[in-house]
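J.: When you read off a place in the sequence shown, starting at 1, and then add 87, the result is the number in my numbering.
In this text, a Cβ means the ideal position worked out from N, Cα and C, and glycines have one as well.
Keep in mind the model is a prediction, meaning the values are calculated, not measured.
This is the structure I have questions about; it appears just below.
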Amino acid sequence: MLDLLKRYYGYDHFRPLQEEIISNVLAGNDSLVIMPTGGGKSLCYQLPALRLEGITLVVSPLIALMKDQVDGLKGNGVEAEFINSTLPYEDMVRIRGEALRGKIKILYVSPERLALEGFQSLLKSLNVSLVAVDEAHCISEWGHDFRPDYRGLGALRRSMPDVPFIALTATATHRVRDDIVTQLGLQNPQRFVASFNRANLNYEVRPKRNSFGQLVELLESRKSQSAIIYCFSRKETEELAADLQGLGLKARPYHAGKDADARRRTQEEFIAGEFPIVVATIAFGMGIDKPDVRLVAHYSLPKSLEGYYQETGRAGRDGLASDCVLFYSYSDKSRQEFFINRIEDDVERKKASDKLTQVIDYCQLQTCRRRYLLEYFGDETVSNDAFPNNCKGCDICLSPREEFDATIIAQKILSAIIRTGERFGIAHVGAVLLGSKRKKVLELGHDSLSVYGIVNDLDRNEIREIAGQLVAEGLLYRNSGEYATVGVTDAGRRFLRERKTLTLSRPKRAEQPRRKRVERTETLNDELFERLRRLRLGIARELEVPAFVVFNDATLRDMAKRIPRSREEFAQVSGVGTVKLQQFGDRFMAGIQQYLKEHPDATKIERSPNSDHPRTSAKRAVSREGSTYSQTRELLNQGMSASQVAHRRGLSIGTIVSHVEMMVSNGIDVALEPSLPRTDRMVVIEAALDQAGGPEAKLSTVYENVGDDITYEDIRIVKAHRAQSNGKSH
Ligand code: ADP
Ligand code: MG
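The structure is reproduced here in structure tokens:
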């Protein structure tokens, strides 16, 4: 077999499972092959085809690909042909003849051709030794790409009971797997499930802010390497491709609205490396065999995780490091929901909506994305405890980590393991801690344990990750064996008995929502307050006076809130007169500086303004929940553009922009990137602003100096955005 592999393909080794699958096929058995895109499925039927006597039939829905595949095989010296609707009549006749004379080893056929009577009668006279059904998920309505024509394959199976069948797909949840077996009527198929882990792919989700700029950066940093960018709509692919071309990047759009010829040309030239960037809808790339795609970017949300996984699977087939970047925004989610809500069939609508929810969950993960994807696809390798806690290939695992006090959660996990008898895996222990109603938990009566449901601030992935660290800390051990159960070590028992403390690390959380930041500010103020109290105590001891003689608590509170950095500011603190300023000012300010140095993130504490400070009332107006400003701010910060906000709120764009201006001039942070005009317009506006005097520029002057396609609001937004970034850098 290795001989054939070397001879026809030039490869020295089989990839995982290929050899086992080939042996099973040659033994005359049915097979179901689940392997990720790029895993090497084709070889699993092509190599047996070379060994078998008769002809191998390959059913595939990918008409556009058949020619490539067949050309490739021919190039390797294999007698292969294809029959589909694109084939001229003369070729059809020729191939028929050759097939009948036994001159063809591998014949690709599209499912609709297969169904035609002409082909059926040809089949009867052929010596078929193997049938391969590629992209087999197309037979299942539960898959993401159902093809009614595939249903006819069940009849084909019944008409050739003695011919082995092999069904192959890259997408299979358990439900789809079972459905393939049933619909196709496979006979006791052996199932081969390869690991779906694509170790060379790096997964990343980014908030969709200034996504165009980010995308350009991604592409430019990759020079002329190949990239596929997936968009939501045909129009979007056209526009984005045009914008990229405008910057000198060689990009071309691809979508189902283009005629077949243009599509084929684009695909061929992309594969040939004549241009590096395709901006496409999902119509592009079903199984394209381009080994060196270095970047797959989803400029809009994918509709399902199955689709996402398959699309990202087109990156890095050659095994070299490649990136998958998904831009996520709230407004994309709403856009998809809009379309989903228009699906009339209740079942279909629910299905689509569930799929979207899974995509959103994926985007919002705080734990390893790779693990999540693999678990979703039922990949057994992740349940294996050898799977690393840190995959080192997703934005979560690669993000900076922070230490946290893990004493309590460690106590909870260890106790739960002991209470359940140290006979279960961490998945079960996690389920108990989370108060899961899953059958196993209830049947074992674990819902009546004192540890049931005592964790509510973590999810199962986070618990798993912490448990992994507890193993590394030597507090837990894993039993190797059929079931990976966990137990508590002696050190773990001592940890519980002696009430020791434990610090572990976790990924630094993504930027906290506003509310949390306020809480954080408060705890920082509290810490500083405590520090100031200690300082006061020291001074009081030195001077041998009671502490309140130095400053009272209210003064220290105010000081901790205002964080004075100069004598002027210090004098403003309530309870600080001239004498005390002279006597203690420098020492307390030194103490504050010291604290800020030790807690660099505390410099971001919002210093509390004076009550007579002009900003205060505006700030209050914005922070008052439900105020018109805060509503605008909320939506902008979710990633909407000003015009989307205007649309959503039923207000004019001018009003929204005036909200923005008010907030920016009062130093209130608001996300403006999505509202910025396209880069080419930005350039023009920036230049006009500079020319007209920068921050002092009169809008009307700027307006007169820019093109017709630029609105007043565009200029105002750019100006506000500038003011905001200047404010930040100073
Ligand atoms: P799939 O159909 O599973 O997406 P393919 O069959 O198209 O994947 O194979 C993907 C790539 O991997 C192809 O370029 C193929 O030539 C290559 N490949 C397959 N098997 C091997 C192997 N044993 N060694 C090296 N390369 C292989
Ligand atoms: Mg394939």
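Just to confirm the assignment, what range does the beta strand (DSSP E) spanning VAL469 have?
T.: Per DSSP, VAL469 belongs to no beta strand (DSSP E) and is neither H nor E.
J.: When every heavy atom of the ligand MG is checked, does at least one fall within less than 7 Å of the C-beta of LYS128?
T.: Within the cutoff, so yes.
J.: Express the C-alpha separation of GLN332 and GLU800 in angstroms, rounding to a whole number.
T.: Going from the Cα of GLU800 to the Cα of GLN332 covers about 26 Å.
J.: Taking 7 Å as the cut-off, is the beta-carbon of HIS100 closer than that to any non-hydrogen atom of the ligand ADP?
T.: Result yes, Cβ under 7 Å from the ligand ADP.
J.: Using a threshold of 7 Å, is the CB atom of ASP158 nearer than that to any non-hydrogen atom of the ligand MG?
T.: Because no heavy atom of the ligand MG lies under 7 Å away, the Cβ of ASP158 does not count as near it: no.
J.: Tell me VAL412's beta-bridge partners as DSSP assigns them.
T.: In the DSSP output, where bridge partners are listed per residue, VAL412 has GLU291 and ALA384.
J.: Are THR258 and GLN445 close, meaning C-beta to C-beta below 8 Å?
T.: Not a contact, by the Cβ cut-off of 8 Å.
J.: Work out the CA separation of ILE430 and LEU591 for me, nearest whole Å.
T.: C-alpha separation (whole angstroms): 47 Å.
J.: Considering only heavy atoms of the ligand MG, does any lie closer than 7 Å to the CB of ASP221?
T.: For the ligand MG, at least one heavy atom lies less than 7 Å from the Cβ of ASP221.
J.: Return yes when at least one heavy atom of the ligand ADP lies under 7 Å from the C-beta of PRO148, else no.
T.: No, Cβ of PRO148 sits at least 7 Å from all heavy atoms of the ligand ADP.
J.: Give me the Cα-Cα distance between ARG803 and GLU748, rounded to the nearest whole angstrom.
T.: Going by the C-alpha atoms only, they are around 8 Å apart.
J.: TYR47: buried (16+ other C-beta within 10 angstroms of its C-beta) or exposed?
T.: Lying before the first or after the last residue shown, residue 47 is absent from the chain, which here runs from 88 to 817.
J.: Can you find the residues in the same chain that come closer than 6 Å, C-beta to C-beta, to GLY205, ignoring five residues on each side of it along the sequence?
T.: Within the same chain, GLY205 has no close Cβ partners at all.
J.: Indicate, with yes or no, if the ligand ADP has a heavy atom lying under 7 Å from the CB of VAL125.
T.: It should be noted that the sequence gives Gly, not Val, for residue 125. GLY125: yes, Cβ under 7 Å from the ligand ADP.
J.: Note down, in chain order, each residue of its chain lying with its Cβ closer than 8 Å to the Cβ of ARG674, except the 5 sequence neighbours on either side.
T.: So the qualifying residues of the chain are LEU622 and ILE626.
J.: Hey, would you say the C-beta of ALA151 is under 7 Å away from at least one heavy atom of the ligand ADP?
T.: False, no ligand heavy atom lies under 7 Å from that Cβ.
J.: Give me whichever residues DSSP pairs with ALA219 in a beta bridge.
T.: According to DSSP, ALA219 bridges with VAL145 and ILE253.
J.: Which same chain residues end up closer than 7 Å to TYR193 when comparing Cβ atoms and leaving out the 5 residues on each side of it in sequence?
T.: Residue identity differs from the one stated: residue 193 is Ile in this sequence, not Tyr. If we look at ILE193 and ignore the five residues flanking it on each side, its Cβ neighbours are GLN133, ALA136, THR143, VAL145, LEU160, VAL165 and ALA167.
J.: Taking the alpha-carbon of ASN284 as reference, which of LEU619, ASN612, LEU531 and GLU467 has the nearest alpha-carbon?
T.: The residue with the shortest Cα to Cα distance from ASN284 is GLU467.
J.: Helix, strand or coil, according to DSSP, for PRO782 in the structure here?
T.: In this structure, PRO782 counts as helix in the three-state DSSP scheme.
J.: Using a Cβ-Cβ cutoff of less than 7 Å, which residues in the same chain neighbour GLU598 once the five nearest sequence positions on both sides are dropped?
T.: For GLU598, the predicted structure reports a pLDDT of 47, less than 50, and the residue's modelled location is therefore unreliable. The matter cannot be settled from this model.
J.: Should GLN680 be labelled buried (16 or more other beta-carbon atoms within 10 Å of its own) or exposed?
T.: The residue is exposed, with fewer than 16 neighbouring Cβ atoms inside 10 Å.
J.: DSSP three-state label for PRO600, please.
T.: Residue placement at PRO600 cannot be trusted, given a pLDDT of 39 that sits under 50; the coordinates are not used to answer.
J.: Quick check on the burial criterion: 16 or more other C-beta atoms within 10 angstroms. Buried or exposed for GLN156?
T.: With 16 or more other Cβ atoms within 10 Å, it is buried.
J.: In this structure, how does DSSP classify PHE675 when only helix, strand and coil are distinguished?
T.: PHE675: helix per DSSP, three-state reduction.
J.: Would ILE740 and PRO764 be called neighbours here (beta carbons separated by less than 8 Å)?
T.: Not closer than 8 Å, so no.
J.: So what does DSSP say about PHE657, is it helix, strand or coil?
T.: Three-state result, PHE657: helix.
J.: Could you tell me the alpha carbon to alpha carbon distance between PHE582 and VAL542, rounded to whole angstroms?
T.: Going by the C-alpha atoms only, they are around 19 Å apart.
J.: Measuring alpha carbon to alpha carbon, tell me which of GLY662, SER118, THR368 and LYS190 ends up nearest VAL250.
T.: Taking only the C-alpha atoms, the option nearest VAL250 is SER118.
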